[in-house]
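Just remember that the numbering used here sits 86 ahead of the position in the sequence shown, which is counted from 1. All C-beta atoms, glycine included, are put in the ideal place defined by N, C-alpha and C. One structure is given here, and the rest of the page talks about it.
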Amino acid sequence: MPRSARGGKAPTVVHLTAEYWPYARTGGLGEAVEGIARGQAASSVPTFVLLPLYRVVREAGFPLEPVGAPQAVVVGPATESVQLWRPARAPDGAPAVIFVDHPPSFDRSGIYGEAGADYPDNARRFALFCRAALQALTQLARPPIVLHTHDWHTALAPVYLRTQRAGDHFYDRVASVLSVHNAGFQGHFARESLAEVGLPDSLYDGRWLEWFGRVNWLKGGLAFTDFANTVSPTHAHELRTEVGGFGLHDTFIALKDRFVGILNGIDVDLWNPATDPHIARTYTAADLSGKQRCKAALQRASGLPQRARTPLLGMSARLVTQKGLDLILDAHFLWAADAQFVFLGQGEERYEAALHEIAAAVPDRVAVETGFTDEREHRLLAGADVLLMPSLYEPCGLTQMRAQRYGALPVGRRVGGLADTVEDEETGFLFDDYTPAALERAVGRALGLYEEREAWERHMRQAMARDFSWSCSVTRYLEVYQRALSRCGRA
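Structure (structure tokens):
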């Protein structure tokens with residue numbers, strides 16, 4: 087049961103997010119927010135989720151119904167008409183999802199941009215979303231309310247809450263929490279954008295939104311929120327360092343005890359090899375025979391020879407610098423190791439081209455699939471022996487948790503959530519230096535253990551027994567909400 091806020095009433099939690107699975111996502115943000123919100127709703131916490139009504143939601147054919155009449159929302163010098171929608175059929179016990187509809191802003195082919203470029207009006211688009219969401223609070227619940235914002239796209243909501251809404255009896259009883267899922271993206275805009283989104287130029291100050299001659303939304307949100315967190319304990323420490331803080335380490339340090347790390351979880355019912363409908367054969371830690379069938383199916387689907395005793399290393403990730411593609415391409419094991427490799431994901435053209443070139447040169451050892459789907463990731467993790475995750479940085483990461491559930495042991499850098507979820511030499515293999523040589527040594531350790539079949543299966547079973555459910559994280563977030571409510575408005 088939810089813990090009570092001041093006055094004995096349990097708070098209503100309202101999540102503001104740019105992505106939410108299964109409606110719209112580009113990476114792990116949508117899945118993480120869905121996991122948090124679903125876990126809270128299952129714990130009897132009144133929970134809402136607000137996100138923009140993108141074209142992708144309309145095209146998916148989700149049946150929607152309007153919530154009230156269109157509303158006038160003021161953003162800077164303009165007044166816009168916004169309509170709220172909700173799913174016509176919502177499962178019992180699920181969070182209440184509300185879509186913010188403004189076609190000029192969100193009826194586009196992309197979420198953040200197209201053809202590798204951000205939309206030039208992103209500041210205005212997401213400012214409108216924040217303003218509309220704040221306005222909608224009065225329709226959704228009565229205080230105490232916790233406004234839980236996620237990443238830079240919604241970071242202006244705490245700013246608006248404590249500036250334009252300050253002194254309003256309703257909004258002064260709304261606490262804010264800002265979750266930083268990826269501090270590498272902060273929302274940098276020109277100084278002139280402040281007027282465009284309806285904020286005074288006085289906030290262009292090093293204490294608030296100014297950052298190296300630009301407006302920084304994430305910095306502003308952290309300055310005005312009641313409490314903040316990131317998505318793993320290790321990453322919370324990294325963000326407080328000059329090397330790992332993405333230029334905001336002083337801001338994170340200044341938060342003191344108002345900033346913590348809470349590890350993400352995964353849906354352990356969805357990611358369960360014992361019941362997974364997407365894989366060739368289900369299996370359990372007690373009976374691993376089905377994993378060999380899954381491996382053979384993955385080899386066939388990838389065009390690789392079916393070699394049961396050849397180790398198969400998989401990677402499911404965006405093909406970008408953050409995910410360690412430079413290390414993989416500069417290492418020698420793609421060419422030299424007695425192993426097979428399957429890469430699933432899309433991203434920067436240079437990485438896609440390099441991997442395709444290698445696959446063309448050694449087609450019996452390397453396969454690349456850039457058409458990512460959830461089903462393909464299920465099949466990859468079920469068929470792989472090892473998961474490659476040599477990230478430059480990884481705030482939390484979800485794939486390494488899923489992989490362990492499927493008995494695929496991760497090889498990853500000892501950063502962020504990888505350090506918190508992979509036990510070196512027990513459920514995976516960790517390395518420290520961001521160098522090809524360090525990655526090669528870790529892969530070598532994995533391939534060496536793979537030769538010892540009994541030992542390998544013992545480590546597989548240890549990995550499959552790990553509990554990565556959301557239950558612990560939900561409890562931690564409820565504690566954070568109570569702390570935010572206790573200092574509501576004093577940030």
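- Message: Check for me: the beta strand (DSSP E) holding N315 runs from which residue to which?
- Response: 313-316
- Query: Using the beta-carbon count (16 or more within 10 Å), is A91 buried or exposed?
  - Reply: With a pLDDT of 45 at A91, under the threshold of 50, the modelled position of this residue cannot be trusted; read the value that follows with caution. Flag for A91 reads buried.
- State the start and end residues of the unbroken alpha helix (DSSP H) segment that holds E455. From DSSP, E455 is part of no alpha helix (DSSP H) but of the beta strand (DSSP E) over 452-455.
- Item | DSSP state of S477 mapped onto helix, strand, coil | coil
- Query: How many angstroms separate the CA atom of T98 from the CA atom of A439?
  - Reply: 48 Å
- Message: Please classify K377 as buried or exposed, where buried requires at least 16 other C-beta atoms within 10 Å of its C-beta.
- Response: buried
- Whole-angstrom distance between Y567 and G347, CA atom to CA atom: 14 Å
- Message: Considering Cα atoms alone, identify which of L413, A423, W421, V454 is closest to Q432.
- Response: The closest CA to that of Q432, considering only L413, A423, W421, V454, is found on V454.
- Item | Beta-carbon contacts of L390 that lie in its chain and below 6 Å, excluding the five residues immediately before and after | Q426, A453
- Per DSSP, H101 is paired with what? V135, H234
- Item | Distance CB(P149)-CB(H321) smaller than 7 Å | no
- Among residues of its own chain, excluding the 5 on either side of A577, which ones have a beta-carbon nearer than 7 Å to its beta-carbon? Confidence at A577 is low in this model, with a pLDDT of 48, below 50, so its placement is unreliable and no value can be given for it.
- At what residues does the beta strand (DSSP E) containing E151 begin and finish? 150-161
- Give me the Cα-Cα distance between S129 and V100, rounded to the nearest whole angstrom. 15 Å
- Message: Taking the straight line between their C-alpha atoms, what separation do you get for A104 and I184?
- Response: 12 Å
- Which of helix, strand or coil does DSSP assign to V142? helix
- Same chain only: Cβ atoms within 6 Å of A403, ignoring 5 sequence neighbours per side: K409, G431
- Cα-Cα separation, R488 to E461: Cα-Cα distance, rounded: 13 Å.
- At least three beta-carbon pairs within less than 8 Å, the segment 235-246 to the segment 178-194: no
- Task: Tell me R300's beta-bridge partners as DSSP assigns them.
- Result: W297
- Query: Looking at the structure shown, is E537 part of a helix, part of a strand, or coil, going by DSSP?
  - Reply: coil
- Query: For the putative contact between P229 and F192, defined by C-beta atoms under 8 Å, what is the C-beta separation to the nearest angstrom?
  - Reply: About 29 Å separates the two Cβ atoms, so there is no contact after all.
- Look at the alpha carbon of A505 and the alpha carbon of H464, and state the distance between them as a whole number of angstroms. Those two C-alpha atoms are separated by around 23 Å.
- Residue interval of the alpha helix (DSSP H) (run including T337): Counted as a single uninterrupted DSSP element, the alpha helix (DSSP H) harbouring T337 occupies residues 335-340.
- Query: Which of helix, strand or coil does DSSP assign to I184?
  - Reply: Strand at I184.
- Cβ-based neighbour list, Q392, same chain, cut-off 6 Å, excluding 5 preceding and 5 following: Cβ-Cβ distances below 6 Å link Q392 to A382, Q385 in the same chain, with the five nearest sequence neighbours on each side left out; the list follows chain order.
- Query: Can you tell me whether DSSP reads Y492 as helix, strand or coil?
  - Reply: Of the three classes helix, strand and coil, the one that applies to Y492 here is coil, per DSSP.
- Query: When DSSP labels each residue in this structure, what does D258 get in the three-state scheme?
  - Reply: Helix, per DSSP.
- In chain order, what residues of the same chain have a beta carbon less than 7 Å from the beta carbon of P88, not counting five sequence neighbours either side? In this prediction, P88 scores a pLDDT of 46, lower than 50, which makes its location untrustworthy; the coordinate-derived value is nonetheless stated afterwards. The residues are A96, S129, S130, V131, L564.
- Task: Kindly confirm or deny that the segment 274-292 and the segment 465-485 touch, where touching means at least three C-beta pairs closer than 8 Å.
- Result: no
- To the nearest angstrom, how far is it from the Cα of L415 to the Cα of S572? 50 Å
- Message: My assumption, with CB atoms under 8 Å, is that A528 sits in contact with Y492. Please give the rounded CB distance.
- Response: That pair is no contact at about 20 Å.
- Query: Leaving out the 5 sequence neighbours to the left and right, which residues in its chain are closer than 8 Å to S167 when beta-carbon positions are compared?
  - Reply: P156, Q157, A158, V159, H188
- Query: Between A354 and the rest of its own chain, which residues show a CB-CB distance below 6 Å, the 5 nearest in sequence each way excluded?
  - Reply: Checking the displayed sequence, the identity of residue 354 turns out to be Val instead of Ala. Excluding sequence neighbours, V354 sits near S555.
- Whose C-beta lies closer than 7 Å to the C-beta of H364 among residues of the same chain, with five residues either side of it excluded? E461, H464, R465
- Message: Tell me which residue opens and which closes the beta strand (DSSP E) that W107 is part of.
- Response: Note, W107: premise wrong, no beta strand (DSSP E); not H, not E.
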